[in-house]
DNA sequence: CTGAAAGCGCTTACAG
DNA sequence: CTGAAAGCGCTTACAG
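Residue numbers (the UniProt record's numbering), protein chains in the order written: chain A, 1 to 343; chain B, 1 to 343.
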């Protein structure tokens with residue numbers, strides 16, 4: 001066993017100055033209540049506390065107040081590897097947490113089993129609120145709803161099927177698709193292709209379709225490129241495969257809206273190998289504005305995911321929630337970052 | 001204010017079963033001490049606790065025991081953006097933390113000012129130990145040493161100038177350089193070039209030099225490629241710039257050891273544009289084994305940084321430290337991952 | 001074999 | 001204007 005670090009306590013100061021614990025506590029916390037301290041005494045206490053570098057033991061305060069001073073973050077692995085989406089989320093949260101003097105308890109989960117373990121650990125009894133981010137599986141969703149019903153303030157960051165009655169804060173994936181497509185159209189594209197993922201409620205695809213409609217451009221179904229294996233694949237090779245197939249099929253297109261930056265780079269590589277000029281013949285835009293965009297021969301345009309902003313708002317809303325103000329769901333608007341590939 | 005969630009307490013169980021708080025506490029925690037409970041009573045208590053899904057309030061236990069049940073992680077942003085090094089570190093830590101039932105308090109710092117703020121917040125008084133990772137600036141180093149002297153268990157993960165008297169756990173950068181170089185030599189390279197960074201104590205460069213020596217290969221100083229702007233630059237463009245210059249200077253080389261995967265990919269792109277075949281004419285190996293390696297037309301060989309392993313060991317050592325066992329510094333051995341670019 | 005009691009360090013309603 | 005006292009929920013040395 002380690003000897004406990006010795007720290008200054010309220011009692012130490014009280015004894016030294018010949019006043020009561022109560023008074024020291026009140027003066028230092030600033031919660032005077034009905035108490036009216038003599039100004040000189042107050043000053044003396046504050047001065048001594050500062051000299052001794054006193055800090056209340058957060059455990060004791062929390063125990064007394066019934067607060068923990070900490071929030072939990074449970075994340076399903078998010079973003080393409082290399083996208084830095086998760087890092088951005090954390091940084092955004094971290095800043096906001098510091099402002100509120102809160103601490104973060106972090107937990108990863110890879111599947112609903114792990115999530116259940118979390119719920120069965122005491123961890124969630126050690127936080128004032130919870131943020132759950134990543135993709136929601138139906139089992140985890142009901143677990144979250146249970147925690148919420150038990151009175152734990154919970155906020156999620158899900159794109160699909162958010163838990164019912166729980167505020168959900170995410171970037172606007174629909175607008176990502178729409179803005180990216182509108183950007184290419186604005187640059188002169190008439191037949192931008194779109195990299196589909198295999199799910200029927202793909203928000204970005206909706207955005208693509210609406211952008212086309214608003215520009216009065218017909219949507220040739222063959223512009224909706226599929227074939228990225230079974231399931232969702234945001235990686236490099238998916239971009240290669242899909243665009244290779246499209247070219248081999250003789251598809252005519254003058255733009256590509258990709259659902260990740262890696263897909264976009266994969267596609268660009270194929271185009272270059274076949275001497276198709278980017279951006280002159282085909283303009284390309286990715287998604288996420290990840291480091292990949294500038295880590296390539298041709299600088300890739302992209303639409304942001306604003307994860308840092310999302311992180312900050314998640315924390316702020318949760319803090320308000322803990323203080324009793326029921327939060328609203330929010331959709332954060334992405335931005336198009338124009339670079340060489342769509343100029 | 002939020003109504004506090006109501007939870008089951010020891011007292012509730014005690015009253016219900018007509019026994020004392022003490023007994024319930026002892027039975028549940030398993031710390032019987034001199035106490036010898038009647039087996040049937042013990043069973044009754046455990047059964048009821050389980051039914052009620054009782055979990056001790058960690059705050060109270062911690063307060064009583066003088067432990068916090070949490071450790072702090074302060075990180076300087078690490079790794080090239082997109083390298084996922086930080087994520088790997090976190091995942092490694094997270095797993096180990098869960099095993100020990102510990103929680104993580106996360107804090108980023110970008111400069112020593114922020115680090116000082118951290119030290120001035122009460123946060124470090126709410127953890128049983130601290131892990132500091134990233135690059136050490138001299139000011140932060142002395143702050144860390146101070147925390148350590150005050151009795152806070154601290155472990156660092158620094159590559160250069162670790163704080164004195166504090167255990168330091170990192171991957172072996174020297175071996176990264178050496179193993180990567182040896183790999184290329186084994187594949188037949190006689191004149192592998194090395195991407196230098198501008199610091200006189202570059203461990204990877206030492207590794208490169210030693211690998212060459214052990215293979216009895218002469219080191220032509222012009223193989224040590226500099227010119228990546230002022231300071232360290234691990235990014236894509238640095239690789240392009242350096243290798244372009246080398247080729248323009250007519251340098252003869254048959255391999256490249258890069259200090260990041262992005263640098264390597266940048267270099268490969270230049271080589272391909274000039275119709276120099278990778279790996280036939282030039283074998284290339286990167287560093288970090290980041291997602292970039294497989295997100296490229298040619299799959300990039302790389303040498304790992306083992307951050308997940310580092311993360312796990314940091315936590316394990318810190319836990320031991322908290323329990324009174326002074327930890328040792330450790331160097332984690334990296335592994336070469338062979339892919340297309342050096343085959 | 002079991003429980004009463006003190007205590008971890010703070011906070012706050014209440015009494016003086 | 002200030003302090004004694006109770007209490008947050010648990011733990012443990014000690015008494016019975």
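Even glycine gets a Cβ: it sits at the ideal position worked out from N, Cα and C.
A quick note: this is a predicted structure, and the numbers were derived from the prediction, not measured.
Anticipated Cβ contact below 8 Å, residue i with residue j, distance rounded
i                     : j                     : result
residue 364 (chain B) : residue 289 (chain B) : What the structure shows of chain B is the stretch from 1 to 343, and residue 364 (chain B) is not part of that stretch, so it cannot be assessed.
residue 203 (chain A) : residue 177 (chain A) : 7 Å
residue 236 (chain B) : residue 276 (chain B) : At roughly 18 Å, the Cβ-Cβ gap does not stay under 8 Å, so residue 236 (chain B) and residue 276 (chain B) are not in contact.
residue 75 (chain A)  : residue 68 (chain A)  : Contact doesn't hold; Cβ gap of about 19 Å is too wide.
residue 115 (chain B) : residue 140 (chain B) : 5 Å
residue 131 (chain B) : residue 251 (chain B) : Wrong, their Cβ atoms sit about 42 Å apart, outside the cutoff.
When the options are compared against residue i, the one with the closest alpha-carbon
i                     : options                       : result
residue 335 (chain A) : A:319, A:135, A:206 and A:306 : A:306
residue 341 (chain B) : B:292, B:316, B:63 and B:332  : B:292
residue 171 (chain B) : B:36, B:30 and B:309          : B:309
residue 35 (chain A)  : A:58, A:41, A:300 and A:23    : A:23
residue 328 (chain B) : B:338, B:337, B:275 and B:316 : B:316
residue 66 (chain A)  : A:42, A:73, A:155 and A:129   : A:129
residue 333 (chain B) : B:242, B:184, B:174 and B:158 : B:174
residue 215 (chain B) : B:188, B:195 and B:238        : B:188
residue 197 (chain A) : A:211, A:157, A:239 and A:220 : A:239
residue 52 (chain A)  : A:73, A:10, A:37 and A:146    : A:10
residue 192 (chain B) : B:199, B:243, B:169 and B:168 : B:243
residue 298 (chain B) : A:86, A:343, A:200 and A:273  : A:273
residue 147 (chain A) : A:47, A:135, A:241 and A:163  : A:163
residue 320 (chain B) : B:61, B:64 and B:155          : B:155
residue 19 (chain A)  : A:37, A:60 and A:270          : A:37
residue 339 (chain B) : B:330, B:318, B:296 and B:331 : B:296
residue 98 (chain B)  : A:326, A:84, A:248 and A:117  : A:117
residue 219 (chain B) : B:194, B:234 and B:199        : B:194
residue 282 (chain B) : B:343, B:314, B:294 and B:331 : B:343
residue 41 (chain A)  : A:143, A:200 and A:27         : A:27
residue 133 (chain A) : A:149, A:88, A:150 and A:100  : A:88
residue 8 (chain A)   : A:30, A:64, A:49 and A:45     : A:49
residue 144 (chain A) : A:73, A:241, A:212 and A:83   : A:73
residue 17 (chain A)  : A:182, A:326 and A:45         : A:45
Identified DSSP bridge partners for residue i
i                     : result
residue 141 (chain B) : Partner(s): none; residue 141 (chain B) has no beta bridge.
residue 192 (chain B) : B:255
residue 288 (chain B) : B:304
residue 168 (chain B) : B:156
residue 103 (chain A) : A:70
residue 419 (chain A) : Nothing about residue 419 (chain A) can be reported from this structure: the residues present for chain A run from 1 to 343 only.
residue 330 (chain B) : B:169
residue 283 (chain B) : B:255
residue 133 (chain A) : A:75 and A:157
residue 224 (chain B) : B:194
residue 336 (chain B) : B:303
Beta-carbon proximity of residue i to residue j, cut-off 8 Å
i                     : j                     : result
residue 102 (chain A) : residue 70 (chain A)  : yes
residue 284 (chain B) : residue 258 (chain B) : yes
residue 184 (chain A) : residue 92 (chain A)  : no
residue 209 (chain A) : residue 261 (chain A) : no
residue 324 (chain A) : residue 96 (chain A)  : no
residue 105 (chain B) : residue 138 (chain B) : no
residue 153 (chain B) : residue 322 (chain B) : yes
residue 166 (chain A) : residue 157 (chain A) : no
residue 253 (chain A) : residue 223 (chain A) : yes
residue 54 (chain A)  : residue 15 (chain A)  : no
residue 287 (chain B) : residue 180 (chain B) : yes
residue 59 (chain A)  : residue 59 (chain B)  : yes
residue 200 (chain B) : residue 160 (chain B) : no
residue 84 (chain B)  : residue 81 (chain A)  : yes
residue 63 (chain B)  : residue 331 (chain A) : no
Query - Residues, ordered as in the chain, of the UniProt domain "HTH lacI-type" (8-65) of chain A that lie near chain B by beta-carbon distance below 8 Å - result: Listed by position along the chain: 55, 56, 57, 58, 59, 60, 62 and 63.
Query - Members of the stretch 285-301 of chain A near chain B, C-beta cut-off 9 Å - result: Answer set for the stretch 285-301 of chain A: 290, 291, 292, 294, 295, 296 and 297.
Query raised in the report: Which residues, in order along the stretch 268-286 of chain A, keep a beta-carbon less than 7 Å from a beta-carbon of chain B?
Result: Answer in chain order: 269.
Report task. Scan the stretch 308-333 of chain B for residues whose Cβ lies nearer than 9 Å to a Cβ of chain A and list them as they occur along the chain. Result -> Those residues of the stretch 308-333 of chain B that come within reach of chain A (Cβ to Cβ, closer than 9 Å) are 321, 322, 323 and 324.
Query - chain B contacts made by the stretch 140-152 of chain A, where a contact means CB separation under 9 Å - result: In summary, the residues of the stretch 140-152 of chain A whose CB is separated from some CB of chain B by less than 9 Å are 150, 151 and 152, in the order they occur in the chain.
Requested in this report: Would you list, in chain order, the members of the stretch 182-197 of chain A that have their beta-carbon closer than 7 Å to a beta-carbon of chain B?
Outcome: Shown here is that no member of the stretch 182-197 of chain A has a Cβ falling below 7 Å from a Cβ of chain B.
Requested in this report: Compile a chain-ordered list of the residues in the stretch 200-226 of chain A whose CB is closer than 8 Å to at least one CB of chain B.
Outcome: Listed by position along the chain: nothing, the set is empty.
Query raised in the report: If contact means a Cβ-Cβ distance below 8 Å, which residues of the stretch 101-116 of chain A contact chain B?
Result: Within the stretch 101-116 of chain A, the residues whose Cβ lies closer than 8 Å to some Cβ of chain B are 101, 103, 104, 105, 106, 107 and 108, listed in chain order.
Requested in this report: Could you name the residues of the stretch 72-92 of chain B whose beta carbon sits closer than 8 Å to any beta carbon of chain A, in the order they occur along the chain?
Outcome: Residues passing the 8 Å Cβ filter: 80, 81, 82, 83, 84, 86, 87, 90 and 91.
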